[in-house]
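Working notes, beginning with the structure itself.
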Amino acid sequence: MLSGLRILLCGLCVAVLMSGGSAQAAPYAAMVMDMRDGRVMHARGADRRQHPASLTKMMTLYLAFEAVEHGHINLGTRVRVSRKAAAQTGSRLRLRAGERVTIRDMIRATAIKSANDAAVVLAEAIGGSEKRFAQMMTSKARQLGMSSTTYRNPHGLTRSGHLTTARDQARLARHLFYDFPQYYNIFSRKTERAAGRRIWTTNRLLGTYRGIEGLKTGYTRAAGYNLVATAQRGSKRVIAVVMGGKSSRWRNARVAELLDMGFQRAKTRVAVHRPGQSAGVEVARAPLPLPRPGSQPTGLAALAAALSSPAHAAVDPSSRLAPTYAERPRQRGGAVDPARAGKPSRQPGMPIPPQRPGWAVVAGSYTDEAGAVARLAAIAGRRNLDLGDTESVIAQRRSGSGATVYDVRFEGFSKAEATAVCKTLGRLCRTEAPDRLSPGR
Numbered sequence: 088m089l090s091g092l093r094i095l096l097c098g099l100c101v102a103v104l105m106s107g108g109s110a111q112a113a114p115y116a117a118m119v120m121d122m123r124d125g126r127v128m129h130a131r132g133a134d135r136r137q138h139p140a141s142l143t144k145m146m147t148l149y150l151a152f153e154a155v156e157h158g159h160i161n162l163g164t165r166v167r168v169s170r171k172a173a174a175q176t177g178s179r180l181r182l183r184a185g186e187r188v189t190i191r192d193m194i195r196a197t198a199i200k201s202a203n204d205a206a207v208v209l210a211e212a213i214g215g216s217e218k219r220f221a222q223m224m225t226s227k228a229r230q231l232g233m234s235s236t237t238y239r240n241p242h243g244l245t246r247s248g249h250l251t252t253a254r255d256q257a258r259l260a261r262h263l264f265y266d267f268p269q270y271y272n273i274f275s276r277k278t279e280r281a282a283g284r285r286i287w288t289t290n291r292l293l294g295t296y297r298g299i300e301g302l303k304t305g306y307t308r309a310a311g312y313n314l315v316a317t318a319q320r321g322s323k324r325v326i327a328v329v330m331g332g333k334s335s336r337w338r339n340a341r342v343a344e345l346l347d348m349g350f351q352r353a354k355t356r357v358a359v360h361r362p363g364q365s366a367g368v369e370v371a372r373a374p375l376p377l378p379r380p381g382s383q384p385t386g387l388a389a390l391a392a393a394l395s396s397p398a399h400a401a402v403d404p405s406s407r408l409a410p411t412y413a414e415r416p417r418q419r420g421g422a423v424d425p426a427r428a429g430k431p432s433r434q435p436g437m438p439i440p441p442q443r444p445g446w447a448v449v450a451g452s453y454t455d456e457a458g459a460v461a462r463l464a465a466i467a468g469r470r471n472l473d474l475g476d477t478e479s480v481i482a483q484r485r486s487g488s489g490a491t492v493y494d495v496r497f498e499g500f501s502k503a504e505a506t507a508v509c510k511t512l513g514r515l516c517r518t519e520a521p522d523r524l525s526p527g528r
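Position in the sequence shown (first residue = 1) + 87 = this note's numbering.
As structure tokens, this is what we get:
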């Protein structure tokens, strides 16, 4: 009897040890990167492929932002929640099958609450199906230089082959910041409302670490505790990635340590290089969603059809439309240089957008491109400012002394609208009349 009890106790001990080992099976990986130029300041296991958990939603949101900017969907578009979306487990909004929700609310819920059901709604709205969207995610990862990442779903629940690296996640964080500064503020919000529900952030570093800006948390048993975070102090902006953390508290503390390390090692003045700026190679564009049956073709769908031929299988990654980085032509005596006055070429099949009103608002001029991007992101996040459907631009020009200057511009206002916006933004702002705008815009 006693020997049997000992055997039982030994078996229980082995089971406990095995379960404890599986709970901490995810290996630790870390990366610290300078946001401004992509310089790596610390790496440990950064190229080991492991489960991303809800860091996956960073790519889901990247494609959502891209779809909005290309005109395939609008933030106010209402979509129906499918049974599959409503059946998701883990962190969720508890959406009901058949409920109609807006893209804006699903972006909020995915970014802030890390809601799995909201992520599936976005995937189905943009890609047509979760499987198709996952293929788009992987293809986009290749386009962005994330060569070690493969996606199998839009939310990050554990699935065989759904893997990434700390290095790839740092790259994706840079792309989110530089490619979509007008949406980047969503990652810094502690609370919001989405689909009639109050939601709170899963990122506990918000409000507790000086200079923290976001980004995304993640946890599954297979992944451990993951976090990608960005922070800014003065002219320095740093990305820290932790994967395979032991607990949420341990993960948060470690990310804070890594951010401190990054600020200590980062140089005060750094030449900004946007991600992909110096790649010098063409890469395959991610597959774009086709229009739904019976719907009017959109700019995104038309471009997808145009790029489906072998002649357009590879395109320049710098052709992404949001935000637009435009180098303004020099002006001579108030006139545009005739040698550079031609309109920019368009992809075949891309509809020409309607003519916008001609006035622009210049919200600030910076010698540091990262400062210009941060200014654009801050303005986009203001609740007391309605920019309508104006186009955000970071325009590069040369000053009288020959220095590079980055103007934060919003184009497409009437004169009265531009004046009102500048009054709201304050002394750094100025308006520009139509005859001063870049040609072809």
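Note that CB positions come from ideal geometry on N, CA and C, so glycine has one too.
DSSP places N290 in no beta strand (DSSP E); its state is neither H nor E. Residue burial is scored here from C-beta neighbours: G163 has fewer than 16 other C-beta atoms within 10 angstroms and is therefore classed as exposed. For E156, the three-state secondary structure derived from DSSP is helix.
For A281, the enclosing beta strand (DSSP E) stretches over residues T278 to A281. If you look at V315, you'll find it in the beta strand (DSSP E) that goes G311 to R320. Non-local beta-carbon contacts of S169 in its own chain, meaning distances under 7 Å to residues more than five positions away in sequence, involve A184 and E211 in chain order. By a beta-carbon distance limit of 8 Å, L346 contacts A318. Their separation comes to about 5 Å. The three-state reading of DSSP puts V460 in helix, counting H, G and I together. Comparing C-alpha distances from F497 to each of W446, V119, G489 and L515 shows the shortest one belongs to W446. In the three-state reduction of the DSSP assignment, M330 falls in the strand class. Boundaries for M233: no beta strand (DSSP E) harbours it, and the DSSP string shows neither H nor E there.
In summary, P362 is buried, with 16 or more beta-carbon neighbours lying within 10 Å of its beta-carbon over all protein chains present.
Under the three-state reduction of DSSP output, L250 falls in the strand class. DSSP, reduced to helix, strand and coil, places F497 within a strand of the structure shown. Its chain contains R123, D124, D455, E456 and A457 as the residues whose beta carbon lies nearer than 8 Å to that of V359, once the 5 sequence neighbours on both sides are disregarded; these appear in chain order.
Going by beta carbons, N272 and A467 fall inside the 8 Å limit. The beta carbon of I190 lies closer than 6 Å to those of I160, L162 and T164 in the same chain, with the five residues before and after it left out. Going by DSSP, E211 is part of the alpha helix (DSSP H) stretching over N203 to G214.
Taking C-beta separations shorter than 7 Å and ignoring five residues to either side along the sequence, the partners of C509 in its chain run V448, C516, R517 and T518, following chain order. Per DSSP, S335 is one residue of the alpha helix (DSSP H) stretching across S335 to R352. Here G321 is exposed, its C-beta having fewer than 16 other C-beta atoms within 10 Å. Between the C-alpha atoms of I199 and G487 there is a straight-line separation of about 44 Å. The C-alpha of K354 lies about 14 Å from the C-alpha of H129. Of the candidates D134, V127, D121 and P139, P139 places its Cα closest to the Cα of G332. Bounds of the alpha helix (DSSP H) holding I190 are I190 to R195.
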